[in-house]
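Structure first, then comments.
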Amino acid sequence: MGFPENFMWGGATAANQCEGGFKEGGRGLANVDVCPAGADRSAVITGRKKMLAIDQEHRYPAMEAVDLYHHFREDIRLFAEMGFRVYRMSIAWTRIFPNGDEEQPNEEGISFYKSIFQECKKYGIEPLVTICHFDCPIGLIQKCGGWRSREMITYYLRLCEVLFTRYKEDVTYWLTFNEINIILHAPFLGAGLCFEEGEDETRIKYQAAHHELVASALAVKLAHEINDANKVGCMFAAGSVYPAYAVRRLQAQGIYPLMEKEDLHILRQYPVDFISFSYYNSRCIASQDSVQEEAEGNLFRSVKNPYLKFSDWGWPIDPLGLRITLNEVYDRYRKPLFLVENGLGARDKPDESGMVADDYRIDYLREHIRAMKAAVEEDGVDLIGYTTWGCLDLVSASSGEMEKRYGFIYVDKQDDGSGTLARSRKKSFAWYRKVIASNGEDLE
10 MGFPENFMWG
20 GATAANQCEG
30 GFKEGGRGLA
40 NVDVCPAGAD
50 RSAVITGRKK
60 MLAIDQEHRY
70 PAMEAVDLYH
80 HFREDIRLFA
90 EMGFRVYRMS
100 IAWTRIFPNG
110 DEEQPNEEGI
120 SFYKSIFQEC
130 KKYGIEPLVT
140 ICHFDCPIGL
150 IQKCGGWRSR
160 EMITYYLRLC
170 EVLFTRYKED
180 VTYWLTFNEI
190 NIILHAPFLG
200 AGLCFEEGED
210 ETRIKYQAAH
220 HELVASALAV
230 KLAHEINDAN
240 KVGCMFAAGS
250 VYPAYAVRRL
260 QAQGIYPLME
270 KEDLHILRQY
280 PVDFISFSYY
290 NSRCIASQDS
300 VQEEAEGNLF
310 RSVKNPYLKF
320 SDWGWPIDPL
330 GLRITLNEVY
340 DRYRKPLFLV
350 ENGLGARDKP
360 DESGMVADDY
370 RIDYLREHIR
380 AMKAAVEEDG
390 VDLIGYTTWG
400 CLDLVSASSG
410 EMEKRYGFIY
420 VDKQDDGSGT
430 LARSRKKSFA
440 WYRKVIASNG
450 EDLE
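For what it's worth, my numbering labels the leading residue of the sequence shown as 10, then goes sequentially.
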């Protein structure tokens, strides 16, 4: 049986990790711009070190990233060469509203994304647009403290209305927030949260998460009102979650989010059309009295699984975990699923001819696609698409590195900022083109 004929194969990026041009086209400053590379990155993205401006002591990889701002036509042409049916990308909030609270959008920003969508249309590529991929305008962090404030919902919906209206003819697949649960692990990166000494950080994080969930539901409502062809999804970093237990725990700790009386009605009334998520690795736990080696993950730490292989960055490689996750998520929500991030970060080294022979990436993706196929074919999971992360090399969100490469396309950009930004095809490029052309049947 295999994948359905209309299965959406493609790749994924985020504006703050690939776009660059952070001062061009009237763009304003966002939280994602001021997350530095190096030793202070962790403290900044977790909200423990307040950084709301660019200084001279740090290097900020998002400022140029891999300069998709000036290379998007070349990049989309390469995506088309691979046969992409969908390209997952994101909007930089501050390209549309530089400070976040303007009444009218920035027309240069509107035009930039219009050009990207037109380029996608030229090649028959469907855009899947993440409205907020961690972006939070610095102006709104200064004005209302980021997503700790309910006022953010108003500004977010203003952004949504502009996007749904101005791109009505260009985009019908939307994601409201990227990895919404990352608020709990990297709250400044995920929601523009900075903490003052003595604040109850856990309470603030859950309150911010509630505000984003309400904003997401209202965005679904708005999207359907403006264009009934719109399909809107949510997006989270995958893992087993237990909502009932979470509610009881928060109530017991006295940090259950403050809610307006209509909030639960909004959340029930306007559910998403599909569920999307990222999957990179599985996680393990151990009893409290055991001493176990730790493993890394997608901003998550866990106990090391001795039965698995690991990436260059210590992330477990577990295709079976993907099949289990697909089944768990589908069993819980019974909505179509879209796997919008999956890939292997590795130290790719071009040979003398400039080719990257990334067989390790091919092996990783092959086994995860096989697991995905088994979930569809044997388990009955309704999966509508798959976009690998990231289809071209880009800046790592967790570490700020270029050395941690994911793409089918090598970008000549190094951790110190040097490089020509030239693009070249890795071995996996031709392999993924074959996978798409065969609709996932030819994985060799």
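No residue lacks a Cβ here, since even glycine has one placed at the ideal position from N, Cα and C.
By the Cβ rule, the segment 104 to 112 counts as touching the segment 145 to 153, because three or more pairs are nearer than 8 Å. Sequence-distant partners of ASP321 (beyond 5 residues in either direction) whose C-beta falls short of 6 Å from its own C-beta, in its chain, are ALA355 and ARG356. One thing to note: LEU452 has its Cβ within 8 Å of the Cβ of ARG379. Distance check between SER362 and each of ASP424, HIS377, SER427 and SER433 places SER433 closest, using alpha-carbon atoms only. The three-state secondary structure of LEU184, taken from DSSP, is strand. Taking the Cβ atoms as the reference, ASN25 lies roughly 4 Å from VAL41, within the contact range of under 8 Å. Residue range 418 to 420 is occupied by the beta strand (DSSP E) that includes VAL420, with no alpha helix (DSSP H) assigned at that position. Straight across, the Cα-Cα distance linking ALA255 with ILE192 is about 15 Å.
Three or more Cβ pairs closer than 8 Å define a contact, and the segment 164 to 180 meets that threshold against the segment 135 to 147. Pairwise C-beta distances place the segment 46 to 57 out of contact with the segment 96 to 105, as fewer than three of them are shorter than 8 Å. Counting along the chain, the unbroken alpha helix (DSSP H) around TRP102 starts and ends at 102 to 105. Per the coordinates, the alpha-carbon of CYS400 lies some 31 Å from the alpha-carbon of GLY148.
A straight-line Cα-Cα distance of about 13 Å links PHE88 and TYR419. Inclusion of ASP368 and ASN336 in the CB contact set at 8 Å is not warranted, their separation being larger than that value. Taking ALA39 as the centre and dropping the five residues before and after it, the same chain places the C-beta of ASN25, ALA101, TRP102, THR103, ASP144, CYS145, PRO146 and ILE147 closer than 8 Å to its C-beta, in chain order. Secondary structure at CYS44: coil, using DSSP grouped into helix, strand and coil.
TYR165 sits buried, since 16 or more C-beta atoms from the chains shown fall within 10 Å of its C-beta. Assignment of beta-bridge partners to VAL95 by DSSP yields GLY19 and GLU135. Take the alpha-carbon of ILE235 and the one of ARG292: they are about 40 Å apart. Annotated three-state conformation of MET268 is coil, per DSSP. Taking C-beta atoms as the reference points, ASP402 and VAL75 count as a pair closer than 8 Å. Counted as a single uninterrupted DSSP element, the stretch harbouring CYS203 is not any alpha helix (DSSP H), since DSSP gives it neither H nor E. Annotation for THR334: the continuous alpha helix (DSSP H) segment containing it runs 328 to 342.
Here the alpha carbon of GLY330 sits roughly 13 Å from the alpha carbon of TYR373. Residue nearest to GLU112 within the set THR163, ASP424 and GLU83 is THR163 (criterion: CA-CA distance).
Within its own chain, the residues whose Cβ lies closer than 6 Å to the Cβ of PHE204, once the five positions on either side in sequence are excluded, are GLY56 and GLU210, listed in chain order.
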